[in-house]
Amino acid sequence: MSAPFEAASYLFRSERRVRVLELLAGEPRTPGELAAETDASEKTVRRALGRFEEFGWVRRTGRHYEVTEPGRAVADRAHNLLGTVDAAATLCPVARWLPDSFDVDVGDLADVRVTVPETADTAAPARRMVEVIAEAKTVRAVAFAVAPGAIEATRHSDRADLVLTPEAVTFVADDPELRPQFRTMLAAGWGVRRFDGDLAYNLVVADETVMVGLVNESGAPSGLVESTDEGVREWADEQFEHYHDRAEPLDPERFSE
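Numbering-wise, our numbering comes out as the position in the sequence shown, counting from 1, plus 1209.
See the structure below:
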């Protein structure tokens, strides 16, 4: 076993060891303080600190231990790696349905949330999407399907810009409850356009939150991916502009009585 691999293996075999190094990256601490903050015995903490000293990650200054610059780098990378593993595990149930254009670094998705349909609650992804939209002041969306309650939730935002496929437009225009809601949105000057092309997912940007509604091979909802990561927002902005620029303004007469 190489020295770097041995050091990494030692660190990652214990969540408390990672936590000790992260705490020291914040500020110097005594073994007693570290023991209290990690819920470990002081003996265990001292043993870990001894190994960290061997690796050159920490040094002792009186009663305290402080992290070295190499140790700080290890702490940062350890945090990022664990975040990547956690995000990958969260995305695993829906990863195969993510669009090919979703080229976001998984390591940046520390806050990613995935809502999947359950046997007893197949509408969970759609309901979660509506919950987020209802709290947003601005909404942008590209959609081939309209979730129950989504139009009503969007109508209460300060501004909305929507790009809908012909199927979604027809669904709204033929629904006696949704049609007047849509007329109100159009009368308020909100942007609604029609995209005559293929769309394999629903995209919603509600304030700072990006939501990607996925479907499986049969076209059934397979999950909702949700994140506020800057990289995801940049991707979502690009996708929205791509479809928006290729869409045509919607004729308001389509939603007349």
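Ideal Cβ positions, reconstructed from N, Cα and C, are used throughout, including at glycine. Note that the coordinates shown come from a computational prediction; the quantities given were computed from them, not determined experimentally.
- Per DSSP, the beta-bridge partners of P1458 are R1402.
- The C-beta distance from V1303 to V1323 rounds to 6 Å, short enough to meet the 8 Å contact threshold.
- DSSP, read as helix, strand or coil, puts D1370 in strand.
- Here G1440 has V1313, D1314, D1317 as same chain residues with Cβ atoms under 7 Å from its own Cβ, once five neighbours each way along the sequence are excluded.
- DSSP, read as helix, strand or coil, puts P1385 in coil.
- When secondary structure is reduced to three states using DSSP, R1268 falls in the strand class.
- Annotation note: the stretch 1297-1346 contains the following uninterrupted alpha helix (DSSP H) runs of length 4 or greater, listed N- to C-terminal: 1333-1343.
- The C-beta separation of E1275 from R1286 comes to about 19 Å, leaving the pair out of contact by the 8 Å criterion.
- Assignment of T1247 by DSSP, reduced to helix, strand and coil, places it in the helix class.
- For the pair C1301 and P1334, the Cα-to-Cα distance works out to about 16 Å.
- Excluding five sequence positions before and after G1265, the CB atoms of its chain that fall closer than 8 Å to its own CB belong to T1277, P1279, G1280, given in chain order.
- Residue nearest to E1215 within the set S1366, E1236, P1240, F1261 is F1261 (criterion: CA-CA distance).
- T1253 carries a helical assignment under DSSP once its states are collapsed to helix, strand and coil.
- Given a length threshold of 3 residues, each whole run of the beta strand (DSSP E) inside the stretch 1392-1450 is given here in chain order: 1400-1403, 1411-1415, 1418-1424, 1430-1436.
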